[in-house]
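Novice: Below: one structure in structure tokens.
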Amino acid sequence: MARSVHPALIAFTACVFLFLLAPLVIIIGSAFSDTSYLTFPPQGLTLHWFWNIFEIEAFRTTAITSLELALLGTALSLLIGIPAAYAISRYRVELPSWLSTLFVLPILVPEIVFGFSLMKSVTIGLGLPIFPSLLIGHALLVLPYSVRVVSASLASFDFSIEEAAISLGCPPLKTFLTVVLPNIRAGVIAAFILAFITSINDVSVSVFLTGPGISTLPIQILAHMEQFFDPTIASVSVLLMLVTVAVMAVVEATLGLTFLTK
Amino acid sequence: MTVSLTIQSISAHYGKTPVLQDLSLSVAAGELVSLLGSSGCGKTTTLRLVAGFLQPTSGAIRLGDRDLTTLPAHARDIGLVFQNYALFPHLTVLENVAFGLKQRRIAAQERRQKAAAMLERVGLSGLGDRLPAALSGGQKQRVALARALVIEPPLLMFDEPLSNLDAKLRIDMRVEIRQLQRVNGTTSLYVTHDQEEAFSISDRVAIMNAGRIMQLDTPEVLYRKPANAFVARFVGFENLLSLRTIARDGALVTAEGAGGAKITLSQDDFGLIPDDFILGCRADGLSVQQEGNGLPAVLGTRTYLGRAYQYQCTTPAGDIVANGALSEPMAAGSAAVLVPAPEQCCILTPEL
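As they're listed, the protein sequences go chains A and B.
My numbering numbers the first residue of the first sequence as -3 and each following residue consecutively.
My numbering numbers the first residue of the second sequence as 349 and each following residue consecutively.
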């Protein structure tokens, strides 16, 4: 027999969902509106604004920049993050305990402050060109996710397995690649996805580091909105949502979503 | 080809804490030596030093004519069996066993043959295609054993290999490990905290405490003739009485303990008795009698052991555990004498 649920609880849950989902419904609706301004409920029905995204060159180039940044930045953060997570887990006793906190600091610092200090140090201080600056910024932005998620999966890794491989004649680096890495694969994939999504959606850090000629998609959306208040913005948002949902669907199908929260 | 393992006065530290102090040990070719002790005694540290996972602060480790001391762990050629099996979760049973052969660049076909043959020897033929997760604890440990044996290492080391198995399987496995080790004649070092396991499986046992070997001997000698009070207590001499000789009459020695308790022992039965000594007695080695030549005592709580009654006794020399015959149970509070039986007692020289 089903347990009875208090009506107030049902009402409250409905309100929460409405609060979370209503803006999305509005955005999706406006994207199809046959008007030259953002409006909801949509008046008429057209795919014109979706085509418009591809007509505007700035959207194309910034989308490519965003993808490049997300892929390279995430790769870079894993390149640093996996060895760091490994060292933190493997030498938990020997290393100081604040070290794992250090890698999470970028999350704790307000992104605006983080972005500004990166601009001062990397773009102005080191005088690096815009793309490398953005790349460093994004790699640092997502580094905490890489370290934390890979650490979580290393926490359940039994390091005597590594010692077994070494005792059987496998050198340490080869052991890491052929024995440790395959066993934390799920964690590495999860870290990649989380980092990728964080990077591709970032505004606050990118806004300080973009400059003439190079911008990211979210920044371009903001810039476009300042000039044109048309449904293109809504349709770009819908496309971004679709990409995120698609990534999540792939995760769910291959690994199960629960492992992201493990 | 069997070789001997020699550990020459090694010391080791964790940070600033010393874990091993000047420890020396040699395992003869083909011999199985156990390191026995409670947790923190340094037995696992010793094994990890030999394996190369830790570096000694001083001393040397030699295997045959090879100096292992500075050799990296992967070049030491030692078969290791871990407490938690440490199988590779992402590889099949056969691939697990073949892993060491692969590192030795043995061709794929020969690798498979050798691994399959070794799986058959440990009674797991037909399970080669499974993943370790699909095996029981006993099967996992057999795979671990096969994986360590198949590389034909000059030295096998076991780190509490049976502690995760249930009691019955433990006994079966230790007999099997012993048989495989005997047949191969592989020099072996075995770490355990279980006395019965160590005594049943080993040629010699090193009883360890606080980073030192207290005594290294055959199980028989350890059990009958412990060298010091620590080992005596460890192998089950519940009662240790400090005594001082006050009179000698031929072979007879009369000694006095705390509180003026007196006892007369014959050197014909107990061996040479020094002036100051400790008499170690198992509960079975002190028989509770109405009268006789022994230590006077007042009986306390009586418990039933099946083969005897056990009494908590009060004597002038301190509290003592002794056993009495089932035929004549005695009441708490009654006076009795505790007569030492030489074959269940030992004479120890007090440590300075």
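Note that CB positions come from ideal geometry on N, CA and C, so glycine has one too.
Note that this is a predicted model, so its numbers are computed, not measured.
Measure from the alpha carbon of Gln431 of chain B to the alpha carbon of each residue in B:Leu402, B:Gly486 and B:Leu467, then state which is nearest.
Specialist: As a position in the second sequence, residue 431 of chain B is number 83, starting the count at 1. The shortest Cα separation from Gln431 of chain B among B:Leu402, B:Gly486 and B:Leu467 belongs to B:Gly486.
Novice: Which first and last residues belong to the alpha helix (DSSP H) in which Arg518 of chain B is found?
Specialist: For the purposes of this step, residue 518 of chain B is taken as residue 170 along the second sequence, with counting starting at 1. From DSSP, the alpha helix (DSSP H) with Arg518 of chain B extends over Ala515 to Asn532.
Novice: Which first and last residues belong to the beta strand (DSSP E) in which Met505 of chain B is found?
Specialist: Residue numbering aside, residue 505 of chain B sits at position 157 when the second sequence is read from its first letter. That run of the beta strand (DSSP E) goes Leu503 to Asp507.
Novice: Taking Thr703 of chain B as the reference, which of B:Pro509, B:Pro502, B:Ser372 and B:Ala595 has the closest Cα?
Specialist: The shown model of chain B, from 349 to 700, leaves out residue 703 of chain B, and the question about it has no answer.
Novice: If you draw a straight line from the alpha carbon of Gly390 of chain B to that of Leu383 of chain B, how long is it in whole angstroms?
Specialist: Here residue 390 of chain B is taken as the residue at index 42 of the second sequence, counted from 1. Here residue 383 of chain B is taken as the residue at index 35 of the second sequence, counted from 1. Cα to Cα, the separation comes out at about 9 Å.
Novice: Taking the alpha helix (DSSP H) that Ser374 of chain B belongs to, which residues open and close that run?
Specialist: Counting from one through the second sequence, the residue named residue 374 of chain B turns up at place 26. Here Ser374 of chain B belongs to no alpha helix (DSSP H); instead the beta strand (DSSP E) covers Thr365 to Val375.
Novice: Find the residues of chain B that neighbour Val175 of chain A, judging by a C-beta separation of less than 7 Å, and give them in chain order.
Specialist: Position 179 of the first sequence, counting from 1, holds the residue named residue 175 of chain A. Going along chain B in sequence order, the residues near Val175 of chain A (Cβ under 7 Å) are Phe436.
Novice: Since Gln557 of chain B and Gly385 of chain B are thought to touch, with beta carbons under 8 Å apart, how far apart are those beta carbons, to the nearest angstrom?
Specialist: The residue labelled residue 557 of chain B in the question sits at position 209 within the second sequence. The residue labelled residue 385 of chain B in the question sits at position 37 within the second sequence. The question names Gln, but residue 557 of chain B in the sequence shown is Asn. Indeed they touch by this definition, with Cβ atoms about 6 Å apart.
Novice: Measuring alpha carbon to alpha carbon, tell me which residue in A:Trp47, A:Val105 and A:Asp30 is nearest Gln39 of chain A.
Specialist: Walking along the first sequence from the start, residue 39 of chain A turns up at place 43. The candidate whose alpha carbon is nearest that of Gln39 of chain A is A:Asp30.
Novice: How many angstroms separate the CA atom of Ala492 of chain B from the CA atom of Arg181 of chain A?
Specialist: Residue 492 of chain B sits at position 144 when you count from the first residue of the second sequence. Residue 181 of chain A sits at position 185 when you count from the first residue of the first sequence. Going by the C-alpha atoms only, they are around 24 Å apart.
Novice: Are the CB atoms of Leu368 of chain B and Arg560 of chain B nearer to each other than 9 Å?
Specialist: Walking along the second sequence from the start, residue 368 of chain B turns up at place 20. Walking along the second sequence from the start, residue 560 of chain B turns up at place 212. Yes, the Cβ-Cβ distance between Leu368 of chain B and Arg560 of chain B is below 9 Å.
Novice: Out of A:Ala160, A:Trp45 and A:Ile189, which one is the CA nearest neighbour of Glu248 of chain A?
Specialist: Locating residue 248 of chain A in the first sequence gives position 252, counting from the first residue. For Glu248 of chain A, the nearest C-alpha among the options comes from A:Ile189.
Novice: In angstroms with no decimal places, state the Cα-to-Cα distance between Ser211 of chain A and Thr58 of chain A.
Specialist: As a first step, residue 211 of chain A must be located in the first sequence, where it is residue number 215. As a first step, residue 58 of chain A must be located in the first sequence, where it is residue number 62. Using only the alpha carbons, I get a separation of about 6 Å.
Novice: Using the Cβ count rule (16 or more neighbours within 10 Å means buried), how would you classify Arg459 of chain B?
Specialist: Taking the second sequence and counting its residues from 1, the one referred to as residue 459 of chain B is at position 111. Classification of Arg459 of chain B: buried, given that the 10 Å Cβ count is 16 or more.
Novice: Ala577 of chain B to Phe625 of chain B, Cα distance in whole Å?
Specialist: Counted from its first residue, the second sequence places residue 577 of chain B at position 229. Counted from its first residue, the second sequence places residue 625 of chain B at position 277. If you take the alpha carbons of Ala577 of chain B and Phe625 of chain B, they lie about 11 Å apart.
Novice: Does the contact criterion of 3 or more C-beta pairs under 8 Å hold for the segment 136 to 143 of chain A versus the segment 60 to 74 of chain A?
Specialist: Yes, the segment 136 to 143 of chain A touches the segment 60 to 74 of chain A.
Novice: Return the residues of the segment 432 to 466 of chain B that lie within a Cβ-Cβ distance of less than 8 Å from chain A, sorted by chain order.
Specialist: Residues passing the 8 Å Cβ filter: Asn432, Ala434, Leu435, Phe436, Pro437, His438, Phe447, Gly448, Gln451 and Arg452.
Novice: Report all residues from its chain with a CB closer than 7 Å to the CB of Arg495 of chain B; omit the five preceding and five following residues, and keep chain order.
Specialist: Here residue 495 of chain B refers to the residue found at position 147 of the second sequence. Only Asn444, Val445, Phe447 and Gly448 meet the Cβ criterion.
Novice: Here's a check: name, in chain order, each residue in its chain whose Cβ is nearer than 7 Å to the Cβ of Thr240 of chain A, leaving out the five neighbours to either side.
Specialist: Here residue 240 of chain A corresponds to residue number 244 of the first sequence, with the count starting at 1. Once the five neighbours on either side are set aside, the close Cβ partners of Thr240 of chain A are Ile193.
Novice: Residues of chain B with a CB under 8 Å from the CB of Ala161 of chain A: which are they?
Specialist: Counting from 1 along the first sequence, the entry for residue 161 of chain A is found at position 165. Ordered by position in chain B, the residues that pass the 8 Å Cβ test against Ala161 of chain A are Phe436 and Phe447.
Novice: Pick helix, strand or coil for Gln660 of chain B, following the three-state DSSP scheme.
Specialist: As a working mapping, residue 660 of chain B is identified with position 312 in the second sequence. Of the three classes helix, strand and coil, the one that applies to Gln660 of chain B here is strand, per DSSP.
Novice: Give a yes or no on whether the minimum CB-CB distance between Ser29 of chain A and chain B is below 9 Å.
Specialist: The residue labelled residue 29 of chain A in the question sits at position 33 within the first sequence. Ser29 of chain A does not count as touching chain B.
Novice: Counting C-beta neighbours from all protein chains within 10 Å, is the total for Arg630 of chain B 16 or more, i.e. buried, or is it exposed?
Specialist: As a working mapping, residue 630 of chain B is identified with position 282 in the second sequence. Classification for Arg630 of chain B: buried.
Novice: How about Pro178 of chain A: is its C-beta nearer than 9 Å to some C-beta of chain B?
Specialist: Counted from its first residue, the first sequence places residue 178 of chain A at position 182. Yes, because at least one Cβ of chain B sits closer than 9 Å to the Cβ of Pro178 of chain A.
Novice: Output yes if chain A places a C-beta closer than 9 Å to the C-beta of Arg424 of chain B; else output no.
Specialist: Start at 1 with the first residue of the second sequence, and residue 424 of chain B comes out as number 76. Output row for Arg424 of chain B: interface = yes.
Novice: For the segment 139 to 157 of chain A, enumerate the residues whose C-beta is nearer than 8 Å to any C-beta of chain B, in chain order.
Specialist: Answer set for the segment 139 to 157 of chain A: Asp154, Ser156 and Ile157.
Novice: Gly605 of chain B and Leu589 of chain B look like a contact to me (Cβ under 8 Å); what is the Cβ gap, rounded to whole Å?
Specialist: Here residue 605 of chain B is taken as the residue at index 257 of the second sequence, counted from 1. Here residue 589 of chain B is taken as the residue at index 241 of the second sequence, counted from 1. About 5 Å separates the two Cβ atoms, so the contact holds.
Novice: Measure the beta-carbon distance from Ile215 of chain A to Val232 of chain A and round it to whole angstroms, keeping in mind my assumption that it falls under 8 Å.
Specialist: Here residue 215 of chain A corresponds to residue number 219 of the first sequence, with the count starting at 1. Here residue 232 of chain A corresponds to residue number 236 of the first sequence, with the count starting at 1. Their Cβ separation, rounded to whole angstroms, is 12 Å, which puts Ile215 of chain A and Val232 of chain A out of contact at 8 Å.
Novice: Verify the CB distance criterion: does Gly400 of chain B have a CB-CB separation below 9 Å to chain A?
Specialist: Here residue 400 of chain B is taken as the residue at index 52 of the second sequence, counted from 1. Closer than 9 Å: yes.
Novice: Pairs of beta-carbons, one from the segment 634 to 645 of chain B and one from the segment 664 to 674 of chain B, closer than 8 Å: are there three or more?
Specialist: Short answer: they touch.
Novice: Threshold first: 3 residues or longer. Then list the beta strand (DSSP E) segments lying entirely within the segment 557 to 644 of chain B, N to C.
Specialist: Whole beta strand (DSSP E) segments, 3+ residues: 560 to 565, 587 to 597, 600 to 605, 610 to 614, 624 to 629 and 634 to 637.
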